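A short worksheet on the structure shown next.
Protein chains in written order, with our numbering: chain C, 15 to 470; chain H, 32 to 421.
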């Protein structure tokens with residue numbers, strides 16, 4: 015039996031390296047925020063991200079002055095970079111909720127060290143996503159017309175339009191994600207309040223901790239609320255990208271109207287979301303020496319999720335191609351032909367390589383634990399998922415039914431600046447987050463320690 | 032733990048009942064071939080495909096547990112393994128339809144393909160290729176089932192961890208193979224009954240239905256085995272509770288896919304797609320169409336929403352029966368409209384074959400379950416599963 019126990023132990027890396035106690039976990043995580051001096055690397059990284067975020071401000075400012083004519087959108091390609099980026103960012107946001115809600119319900123305790131920053135990442139990604147439709151409406155100062163509110167003009171949004179469903183889906187998602195993240199933070203904010211020596215920090219963390227004293231009753235209420243929010247957030251993981259897919263699939267444009275879109279969009283969202291989680295987790299664990307908490311097990315499991323969702327995405331591509339032939343519909347067949355042979359064929363081939371071919375190396379067990387390899391594969395997947403949305407939005411629109419209304423799409427410098435600017439905004443927010451909030455959930459990590467085990 | 036204490040011996044009465052049901056099924060089939068061939072063939076396809084779904088759901092369950100490294104369910108594994116054991120029976124049913132009565136598929140009598148680029152469809156829907164594909168899918172599934180069950184039973188004698196590792200690798204390969212082939216099979220055997228119609232989500236939808244019916248069957252079998260076999264000491268309340276949660280989740284997943292397909296086709300309103308729903312929404316089809324949604328989602332959703340209900344065997348059994356009836360209705364709505372003319376007909380032929388389905392499944396399941404100890408006695412993760420608590 016002893017041999018077997020040993021074998022089992024070797025079977026998988028632990029979710030937390032041995033040798034830690036309650037005290038060392040709290041020290042390690044809270045010191046990053048409270049006692050560790052801010053490194054020069056942080057300033058440089060934040061500075062670069064901040065500058066990029068400023069290009070966003072510049073690009074959006076110019077947009078407000080001149081209108082969306084400065085972008086590459088035209089007739090027939092009315093949806094360009096803005097919608098591509100919107101879908102891309104919203105998709106990335108999915109990993110946070112999946113990790114924090116669905117994996118909680120599935121009792122996957124390995125989620126405990128990555129849920130906090132995955133949720134933070136979700137919020138920032140949703141914020142970046144939300145910018146695009148707002149600045150795309152043309153008169154952003156009237157963007158509140160998207161909401162149904164009683165008004166003297168008697169103007170209501172079209173409730174049959176998936177665009178208005180999107181408004182509800184995304185705003186619900188943002189609200190629940192924020193609440194979930196904040197509720198999860200409360201016990202840790204109290205820890206920071208108690209441990210910080212700076213009066214101002216004590217006050218800020220104290221206000222945010224909302225009087226948390228860690229009594230049994232607090233914990234009871236907390237657990238109930240957290241589980242309920244997880245239950246609420248779970249359908250949102252599926253619903254948000256489903257509604258985004260409806261934006262396309264309800265239309266009759268070839269390449270948009272296909273019934274597989276809802277599940278296939280959700281799988282793609284989780285795919286890119288885990289890629290982003292890995293791209294952030296790998297440098298963070300290195301820089302802050304968190305290898306004990308974000309172990310090989312986390313990398314391995316995230317890689318497996320990527321492999322599985324990547325295969326579902328591949329299945330979606332294959333099935334679309336199959337239907338292009340099987341349906342016998344001339345326009346569907348042409349859409350497929352155009353992707354393979356048209357002016358954007360290189361995008362399509364790059365998409366297949368990034369999203370399907372390269373990630374298959376994740377079948378190799380050794381590669382799933384190599385941080386550098388995973389970092390690059392994740393980058394490739396993020397590029398691939400961006401290309402996927404480009405194919406869906408731009409390539410479908412540029413040639414549809416009538417040859418007289420074909421066109422081409424050329425992104426302008428403003429398109430690029432806006433896109434890169436949101437990446438800057440996202441990274442700047444992440445830099446601030448790791449500096450001022452505990453990026454790993456302290457108390458949830460402590461539940462994983464041998465000390466926390468209850469003797470039956 | 033001793034393997035000999037954990038062999039399964041169904042009581043003679045239950046076996047007798049299953050034999051009677053199977054006999055009714057066989058008699059209905061034979062009589063139907065003479066008196067109502069137009070009704071018996073599509074019904075035979077229905078029950079065979081139903082049985083196939085149960086067997087493949089058993090396989091998918093095992094594979095998912097291996098791949099995700101789940102250990103809570105190890106002690107229960109023999110139950111889905113025995114479900115997978117009915118795969119050969121399902122294969123016989125499917126093949127007999129495809130070989131003996133291919134004219135069930137209207138395209139075999141010269142394809143009248145809609146659309147203006149029919150080349151691929153003519154090639155894809157040609158009888159020899161169609162049959163070769165069926166054989167490939169079925170042989171592939173049987174091969175995987177044989178290999179995975181063999182590894183699991185070998186472990187009973189030597190307790191090697193390497194069997195678990197090999198099963199995990201095999202399970203991953205199976206899931207990829209299954210994903211592609213089950214999708215194609217659902218297109219081939221069900222969707223092509225109306226060859227002009229197509230929907231890309233159809234494979235997903237069929238998987239969700241099959242897996243949901245598999246889960247409902249698993250819940251029923253667990254409760255039954257808890258009362259009538261040595262598994263009484265093995266199955267804990269938490270195991271049943273978790274199966275209840277999965278039922279709830281997959282019922283909702285099924286409804287999600289149902290809605291996605293229906294809403295997208297309704298919204299785009301293209302005649303070549305809406306024809307499918309038009310056929311299912313007029314006359315007496317409409318109440319069945321609505322009932323389908325109730326049986327497969329509305330009832331299970333509200334019945335299983337409270338936590339207490341997911342733990343209570345009585346409620347799980349009732350919900351599972353509702354879901355299994357719902358699965359039959361779902362398949363009936365997918366298969367029958369082109370054959371049944373203007374109105375649905377449910378009579379002696381349908382009921383007789385359903386009785387046969389229950390009997391054949393029961394007998395096949397018992398036979399498979401007897402072949403190995405009721406729990407994987409030397410699986411290294413068994414202890415963890417026996418002490419499972421939430």
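For every residue, glycine included, the Cβ atom is placed at its ideal position computed from N, Cα and C.
Please read these numbers as outputs of a predicted model, since none were measured by experiment.
*Establish whether the CB of residue 155 (chain H) and some CB of chain C are separated by less than 8 Å.*
The Cβ of residue 155 (chain H) sits closer than 8 Å to at least one Cβ of chain C.
*Indicate whether the contact test is met: 3 or more Cβ pairs, each with one atom in the region 301-317 of chain C and one in the region 337-345 of chain C, closer than 8 Å.*
no
_Beta-carbon proximity check, residue 350 (chain H) vs residue 331 (chain H), cutoff 8 Å_ = yes
*For a contact meaning CB atoms closer than 9 Å, what does residue 299 (chain H) contact in chain C?*
Near residue 299 (chain H) (Cβ distances below 9 Å), the residues of chain C are 263, 264, 265, 266, 271.
*residue 138 (chain C) classed as buried or exposed, judged by whether at least 16 other C-beta atoms fall within 10 angstroms*: buried
*Going along the chain, which unbroken runs of the alpha helix (DSSP H) with 4 or more residues stay wholly within the region 283-312 of chain H?*
302-312
*Could you name the residues of the region 389-415 of chain C whose beta carbon sits closer than 7 Å to any beta carbon of chain H, in the order they occur along the chain?*
Going along the region 389-415 of chain C in chain order, one finds no residue with a Cβ nearer than 7 Å to chain H.
*Among H:243, H:396, H:398, H:309, which one has its Cα closest to the Cα of residue 372 (chain H)?*
H:309
*Let me know the alpha helix (DSSP H) ranges lying completely inside the region 109-169 of chain H, each 4 residues or longer, listed in chain order.*
109-115, 118-131, 150-155
*asked:* Please identify, using Cβ separations under 7 Å, the residues of the region 326-345 of chain C that lie next to chain H, in order along the chain.
replied: Listed in sequence order: 329, 333, 334, 337, 339, 340, 341, 342, 343, 344.
*Is the CB-CB distance between residue 46 (chain H) and residue 397 (chain H) below 8 Å?*
yes
*For the candidate residues C:276, C:59, C:280, whose alpha-carbon lies nearest to that of residue 296 (chain H)?*
C:276
*Just to confirm, are residue 238 (chain H) and residue 218 (chain H) a CB contact at a threshold of 8 Å?*
no
_I need the straight-line Cα distance from residue 409 (chain C) to residue 326 (chain C), nearest angstrom please._
22 Å
*Is DSSP giving residue 96 (chain H) helix, strand or coil here?*
helix
*Select from H:273, H:305, H:362, H:417 the residue whose C-alpha is nearest the C-alpha of residue 119 (chain C).*
H:273
*Neighbourhood of residue 115 (chain H) by C-beta, 6 Å cutoff - its chain only, sequence neighbours within 5 removed*: 86, 89, 90, 176
*Mind checking residue 429 (chain C): buried by the 16 CB within 10 Å criterion, or exposed?*
buried
*Which runs of the alpha helix (DSSP H) fall wholly inside the region 248-273 of chain C and span at least 4 residues, in chain order?*
none
*Name, please, each residue of chain H whose Cβ falls closer than 7 Å to the Cβ of residue 276 (chain C).*
291
*Give the single residue among C:206, C:108, C:155 whose Cα lies nearest to the Cα of residue 47 (chain C).*
For residue 47 (chain C), the closest C-alpha among the options C:206, C:108, C:155 is that of C:206.
_Determine, for residue 44 (chain H), whether the minimum Cβ-Cβ distance to residues of chain C falls below 8 Å._
At least 8 Å separates the CB of residue 44 (chain H) from every CB of chain C.
*asked:* Looking only at its chain, what residues have a beta carbon closer than 8 Å to the beta carbon of residue 389 (chain C), apart from the 5 residues adjacent to it on each side?
replied: For residue 389 (chain C), where only same-chain residues beyond five positions count, the Cβ hits under 8 Å are 292, 293, 296, 297.
*asked:* Less than 8 Å between CB atoms is the rule here; does residue 168 (chain H) satisfy it with respect to chain C?
replied: no
*asked:* Excluding the 5 residues flanking residue 282 (chain H) on each side, which residues of the same chain have their C-beta closer than 8 Å to its C-beta?
replied: 243, 327, 328, 331, 332, 335, 354
_Chain-ordered residues of the region 306-323 of chain H with a beta carbon less than 8 Å from chain C_ = none
*Assign residue 365 (chain H) to one of two classes, buried (16 or more other C-beta atoms within 10 Å of its C-beta) or exposed (fewer than that).*
buried
*In chain order, which alpha helix (DSSP H) runs of at least 4 residues are fully inside the region 377-402 of chain C?*
List check, alpha helix (DSSP H) in window: nothing returned.
_Where residue 242 (chain C) falls, given that 16 or more other Cβ within 10 Å makes a residue buried_ = exposed
*Option nearest residue 59 (chain C) by Cα separation, candidates C:443, C:450, C:457*: C:443
*Cβ-based neighbour list, residue 416 (chain H), same chain, cut-off 6 Å, excluding 5 preceding and 5 following*: 102, 103, 105, 106
*asked:* So, does the region 71-81 of chain H touch the region 127-143 of chain H, judging by three or more C-beta pairs under 8 Å?
replied: yes
*Nearest-angstrom Cα distance between residue 406 (chain H) and residue 399 (chain H)?*
13 Å
*When you check each C-beta in the region 202-220 of chain H against every C-beta of chain C, which residues fall closer than 9 Å?*
203, 206, 207, 210, 211, 214, 215, 218
*asked:* Please tell me whether residue 177 (chain C) has its Cβ less than 8 Å away from any Cβ of chain H.
replied: no
*For residue 357 (chain C), the three-state DSSP class (helix, strand or coil)*: coil
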